[in-house]
Structures are given as structure tokens and as C-alpha cells.
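Chains as they are written, first to last, in the working numbering: chain V, 1 to 339; chain S, 1001 to 1339.
There are 2 protein chains.
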Amino acid sequence: MDSVALSLEQVYTLAFESLKTQGLSVNQADAIAETVMQAERDECAAHGLFRIPFYVKALGNRNIDPAAEPALSRLAPGILRMDAKFGFAPYALKSGMPLLIEAARTQGIAALCVNNAYHIASLWPEVEAIASADLVGFAFTNALPVVAPAGGTKPLFGTNPMAFAWPRKGTQPLVFDQASSVVSLGDVRIHKRDGKPIPKGWAIGPNGRATTDPVAALDGALLPFGGHKGSSIALMVELLAGALVGDLFSYEVAAREPGTRAPCGGELLIAIDPGICAGTQDRSSQDAHAEELFAKVLEQDGVRLPSERRYLARERTMIDGVTVPTKLFETLQSYTRTS
Amino acid sequence: MDSVALSLEQVYTLAFESLKTQGLSVNQADAIAETVMQAERDECAAHGLFRIPFYVKALGNRNIDPAAEPALSRLAPGILRMDAKFGFAPYALKSGMPLLIEAARTQGIAALCVNNAYHIASLWPEVEAIASADLVGFAFTNALPVVAPAGGTKPLFGTNPMAFAWPRKGTQPLVFDQASSVVSLGDVRIHKRDGKPIPKGWAIGPNGRATTDPVAALDGALLPFGGHKGSSIALMVELLAGALVGDLFSYEVAAREPGTRAPCGGELLIAIDPGICAGTQDRSSQDAHAEELFAKVLEQDGVRLPSERRYLARERTMIDGVTVPTKLFETLQSYTRTS
């Protein structure tokens, strides 16, 4: 048997105990374990337990504080700043979320500027948390520089995800979380591992020309999605998560990062109160209006709403739990024993 | 001679007199003429004087109020609402801009929700206005439903532009304004006029299949840029400019619109004070930081910053003026004589 069945509670506990035993504080380990459990729950294996060894390896970077306690400040009525103090992002985000939500409800719109956070998780957990408070959410963050600007030949931008969430009454929010590149670096690595060519349009080689060779692609650069339009979005994300919040651009992250592939930098969250924007206390007609649009989208055969796959997985795993490769399970178990 | 040379002042005057004589109020005509002059100045002919006959034709729609005076209200400290009262967008945007700017400076982040506006201009003038006040700007608006969701077969979304601006010291702001579709409907129409096939990936025919025939494309639907990622952005824009601000989705705009191709609906503007977000009164280091990124982008051969083409045109036309097709010039002159 090459996989182990776990309940979501067991996923959380395994992640939490691994991280705590390896040196993270209870608060840091708890917040990361929660994002790891959420990823396993939604069958996003790449951000699930698979990611724990990355966190452990990242601790080899002496700049990371495994027991960092983030510090919140209010820069203006609508702007909060959360200094993650060189710990990991999940705890900083979790700590800032209640205040962001409260600020959006009173101001109508508010932003949380996160600094000095090591971020190797997805963005959808934070925008889903915003939407769970019946608010519209955005998130933007930089990464390591692996994407060439449209028309260019060298990596400069991160895969720079942008996430968005719209709250829905009685069901999961509409959420998307998408990289500014056509695909992730992980997708190219899987093709390399399997000895398969990559489709045209994913990447360029070190000579700056289009390539279908995953090895050349990893030495070269990923391409932004949708040509210059995706490139503009990657540039926007650099500015929002970098200069705007007073943090690093992806290429600066790389200069500071010692090869553990855990990028340190900023993140921008924006939350908007939809009831205020529509000038109504009663959100039900606004909610019904959005549902009409979603129904129109789903009327067309072959069209899905973003995150549908994740939510279907969630329904299954909340009851049936998940399976984890035995080898990974054993690695994590060894983390819980050594210190 | 098939073109007429005009200074930018003459462009403004011709646009203003045309619109005023055809029945628009001084305020409505002035704001539109300004966007038309800006488009000619930046050599965006499709939104320049060429657009005046569209405005005049739109007046045939009895729902449009050619003398509308927009009404501003504050819904929360960070949320302003501008009811355009079924006039055109430019005057409503111009009227709301000073208050949006002031709200962003005091709150750190603010939004302007525009309702009941007939919008057939670009979005870049409004985000450029935000950036000219040293703020970061976003704009989102719906349009007529001509774009199929990714994987779908029928038009549902508008071309739904999203615009972004970053202020730069001593030079024009970085601005992009891009449709959620691969190309505009106008691009397809030009191919039809010239009897040329359209590239693969632009559109689908009425049977829902990929087409290179512009006639089939105009009966079918445009495709979102970058597949499902552009489709997610189109969906986000529908929500922001529709349900969020309490206005119409693109397919609802179509149901209300009597064939004049001037869509009526909402727009969302967001403005953020970058100095506040970076926790600094002195914007110079933040400004210099962004300039380092722009320099890195431009280091690569073949890469341009968005809007570079417009700004180069602007430098020329501010001195040399523009040329306008004689036939269009004569049409507009006739507008200034008849009433």
C-alpha cells in the first residue's frame, strides 16, 4: 500500500505536530497547519502536506523567525499594516483578518498591507476568509522571479497570483486564485520528471526563444498568460505587493533568498462591503442578482465557475478524508519525532 | 486631400460644439469633449472624434438625459456613490473625481461607485486622473455582452475592461486599460470590412466552434484573453461594475439598450494612497523603488511599458496637432450647424 488514509483532523494534527517539533511556535505552526489542512480538504495536493518539508527546509534560512509574533498598526482609517516580522504568512494573515473585516464594515473599503512574510501557500484561503464575512476580497502577492515580461527574454516577474472572492448566501463563495503565468513552475517540473515536452506557449528557453523542452524552460522563463495583458497584471501585482506596501519586488526577493525557495515579501489584501456599495442594508436582492449571473454562466454546457472543482472535493473529503502518499506520511511522522 | 489638420484645442472645440448643438448640456458636452480630445491627443482614434457620431446617435435613445446633473452621496467614509442620472459617464466621473481623491487621501483607500451612466469612452482617462493626484487607481466597467465564458459557446460577458494606474514623479503615470477579451469587437469589424480572416483564438462562430471568419465571429462571440484566467477576470468585472455597485450586468444592459450601442450601467473606481500604505510621508523612496522595477522591465529588448505608445503620440500631437479624416470632419461640422 503506497498511500495512507487520513481524516482532515489527522491532516491538521500531523502538520501541526511536524512544524511544532521542528521548531515553529504554536501560533506559527497552527496557522500553517490550517492552510495545509484546507489545501488537502480541497484536493490541492501541491499546497497540502506535500508543502510541510518546504517549510521545514525554509527554517534553514536564518532570516526566518519560527516564533515571530506579527505586529499590527493602523496607518489610516482604511489601511492596516501587519508586519509578519519574518515569520510565515499564514499567522500574520490570520492575525490581521478580524481587523481588516471590521475596517471594511465601518469604512466600506479597507486594505491590509502585509510585510516581511515568508509566503509559500495559496492566496485563496485569505480571500475565502474575507468572503466568509460577507465581504468582497482581493489578494495580491509576489514570488520568485521566473516569468519574463511579454516580448522579453529573461525572468523578472514572479508567478504573481491575484485572488478574488465574492460572498454567496448559503453556499461557498465564488473564488479564483490565478498566477500571472500560463502555468506554475511545478507544472513544468512534472513534465521534466516524466520526460514529456511542454506545450508551446508555456515558456521560453535561456536563449529567449519559445521552447517545448522542460529543461530549457526551467533554465529560461515562464510566459505570462494572455501575452501582454497577463504581463500587465504581473507588473501590477509587483507594484501592489512590492512598492505599494513598502516591500520587495520578486527580483529583490531572489537576491535575499538563500535557495530555500520560500520567498519573503509583501502581500496586499483589499476588502469591500458590498451592501454599503449598493446602498442597501438588506443584502438579499444584491445576493440574488449575483446568483442570476452565476446561473447564466452555468447555463452554457462546458462552463464551470472558478473553484467548483475545489468545492466538490471539499464535500467528499469532509466525509471521506484524504489519502496521502506513504512516503510523505513517513517523512512527516519522522518530523514529529526529531527536534 | 482626405484629411484635415487640427490642433488639440480645435479638436476639443469641434467636439464640444457638435455635442452642444446636438442637444447636450454644456457640462455633459464639455466632459465628453475632453475625453475625445485626450483620445485624439494619444492617437486612440477609435475613442476620438470618430466617437462623436455614436454619442449623437445615442441621443435617439429616449432613456438618455442629455442634460443630466449627476448626484453624489457618501455611503461610508471610504465609499462614494455618483448617480449619473442616465447621462454620459465622463461628466459623472469628472464630478466625482475630486471627492474620490480627497477620500483616498484621508481614508487611505476609497471607492467611487458610478451608476446609471452611458459609457462609450475608454477607462484610462479616469485612472490617469487618479494617478495625477499621486494615487494608485483601478477602474472596472461592463459593456454589451459579446464575450463567451471560457469553455462556453454563447456571448454573455462584456469586453469588460479593467484599468490600472501607478503615479510616477516627473513623468506620465504607468497605465494599462485592457479588455477581458482577446481583441475588441472593432478589430473583428475591421477584418470584416477588409475581407480578411481573423486569427485563430479571437472568436467562436454561432455554432460555438473556433472560427477565422469575421462574419461568423460577429454572429458568435469573442473569446476571453488567456482562456479561463481572462474569463475569471471578465466575471470579476461583471460583479464589480454590476452587482457590487447595484447596477446592471452586461446581458441586462443589452436588454435595456435599444440598438444605439451605448451601454448604460455601473463603474467602480478604487483609489489608494501609496504613501500611507508604505507608512511614509516622503514618497520619494517609494517612487524611486518603482522606477527601479520599470528600469528592469525596460532593460529587456523588445519590452515596453503599457501606455508607452500613447505617451509618445501625446508628445507629438501636443506640438503638431492631429489629422482627422475629411469626411468625419465634415460630419462634425454639420453637427455644429444643425440643431
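Cβ atoms here follow ideal geometry from the backbone N, Cα and C, with glycine treated the same way.
Does residue i come out as helix, strand or coil in the three-state DSSP assignment?
i         : result
V:Gly60   : coil
S:Gly1242 : helix
S:Asp1134 : coil
V:Arg81   : strand
V:Pro342  : Given a span of 1 to 339 for chain V in the structure shown, any question on residue 342 of chain V remains unanswerable.
S:Thr1013 : helix
V:Phe54   : helix
S:Ser1122 : coil
S:Ala1203 : strand
V:Thr338  : coil
V:Thr211  : strand
V:Ala103  : helix
S:Thr1159 : coil
V:Gln178  : strand
V:Ala67   : coil
V:Val4    : strand
S:Ser1073 : strand
V:Leu147  : Note that residue 147 of chain V corresponds to Val in the displayed sequence, not to Leu. Reduced to three states, the DSSP call for V:Val147 is strand.
V:Val26   : helix
V:Ile109  : strand
S:Thr1141 : strand
Starting from the C-beta of residue i, find all residues in its chain whose C-beta is less than 6 angstroms away, skip the five residues before and the five after it, and write them out in chain order.
i         : result
S:Ser1307 : Val1175
S:Leu1222 : Val1146, Val1147, Ser1181 and Ala1203
S:Leu1093 : Glu1126
V:Ile233  : Ser180
S:Phe1138 : Phe1164 and Ile1270
V:Arg261  : none
S:Ala1039 : His1047 and Gly1048
V:Ile276  : Gly108
Near residue i, what residues of its chain come up, given a Cβ to Cβ distance below 7 angstroms and the 5 sequence neighbours on each side ignored?
i         : result
V:Asp30   : Phe16
V:Gln178  : Pro161 and Met162
V:Phe50   : Leu328
V:Pro70   : Met82, Asp83, Ala84, Lys85, Gly87, Tyr91, Ala92 and Ser95
S:Gly1201 : Val1182 and Leu1223
S:Ile1198 : Val1188, His1191, Thr1212, Pro1214 and Ala1217
What residues from chain V crowd round residue i, counting only those whose CB sits closer than 8 angstroms?
i         : result
S:Pro1306 : His228, Ser232 and Leu235
S:Ala1046 : Simply none; closest approach about 18 angstroms.
Name the chain V residues that come within less than 7 angstroms of residue i, Cβ to Cβ?
i         : result
S:Tyr1251 : Lys296
S:Cys1113 : Cys277
S:Ser1166 : This sequence places Trp at residue 1166 of chain S; Ser is not what is there. By Cβ distance, chain V contributes Leu239.
S:Phe1086 : Within 7 angstroms Cβ-Cβ: nothing; S:Phe1086 doesn't reach chain V, min ~17 angstroms.
S:Gln1178 : Lys229 and Ser232
Residue i versus chain S: which residues are under 7 angstroms apart at the beta carbon?
i        : result
V:Ile276 : Leu1075, Ala1076 and Ile1079
V:Ala290 : Leu1239 and Ala1243
Counting only Cβ pairs nearer than 9 angstroms, list the residues of chain S close to residue i.
i        : result
V:Gly170 : Per Cβ cutoff of 9 angstroms: no residues; V:Gly170 is ~16 angstroms from chain S at best.
V:Lys154 : Glu1299 and Gln1300
V:Phe140 : In chain order: nothing, as chain S lies at least about 11 angstroms away.
V:Gln286 : Ala1243, Leu1244 and Gly1246
Do residue i and residue j have their C-beta atoms closer together than 8 angstroms?
i         : j         : result
V:Val253  : V:Cys113  : no
V:Ala89   : V:Glu267  : yes
S:Asp1273 : S:Arg1105 : yes
V:Gly205  : S:Leu1075 : no
S:Ala1121 : S:Pro1173 : no
S:Val1004 : S:Thr1323 : yes
S:Pro1149 : V:Gln300  : yes
V:Pro53   : V:Gly23   : no
V:Ala271  : V:Leu185  : no
S:Ser1018 : S:Gly1321 : no
S:Ser1250 : S:Phe1140 : no
S:Arg1041 : S:Arg1314 : yes
S:Ala1129 : S:Gly1078 : no
S:Asn1142 : S:Ala1241 : yes
For a contact defined as C-beta to C-beta under 9 angstroms, what are the partners of residue i on chain V?
i         : result
S:Glu1257 : Those do not exist, as S:Glu1257 stays about 17 angstroms from chain V at its closest Cβ, beyond 9 angstroms.
S:Ala1110 : Gly78, Gln107, Gly108 and Ile109
S:Leu1100 : By Cβ distance, chain V contributes nothing, its closest Cβ being about 11 angstroms from S:Leu1100, past 9 angstroms.
For residue i, which residues in the same chain have their Cβ closer than 8 angstroms to its Cβ, ignoring the five residues on either side in sequence?
i        : result
V:Val297 : Val303 and Leu305
V:Glu257 : Asn61, Leu144, Pro263 and Cys264
V:Val56  : Ser18, Leu19, Gln22 and Tyr335
What does residue i reach in chain S if we use C-beta pairs closer than 8 angstroms?
i        : result
V:Gly151 : Gln1300, Gly1302, Val1303 and Arg1304
V:Gly96  : Residues of chain S passing the Cβ test: none, with the nearest at roughly 14 angstroms.
V:Val324 : None at all; the shortest Cβ gap to chain S is about 28 angstroms.
Which runs of the alpha helix (DSSP H) spanning at least 4 residues fall entirely within the region 1271–1328 of chain S, listed in chain order? Listed in chain order, the complete alpha helix (DSSP H) runs (minimum 4 residues) inside the region 1271–1328 of chain S are 1274–1277, 1284–1299 and 1308–1320.
Which runs of the beta strand (DSSP E) at least 3 residues long sit entirely within the region 1216–1268 of chain S? Give them in chain order. none
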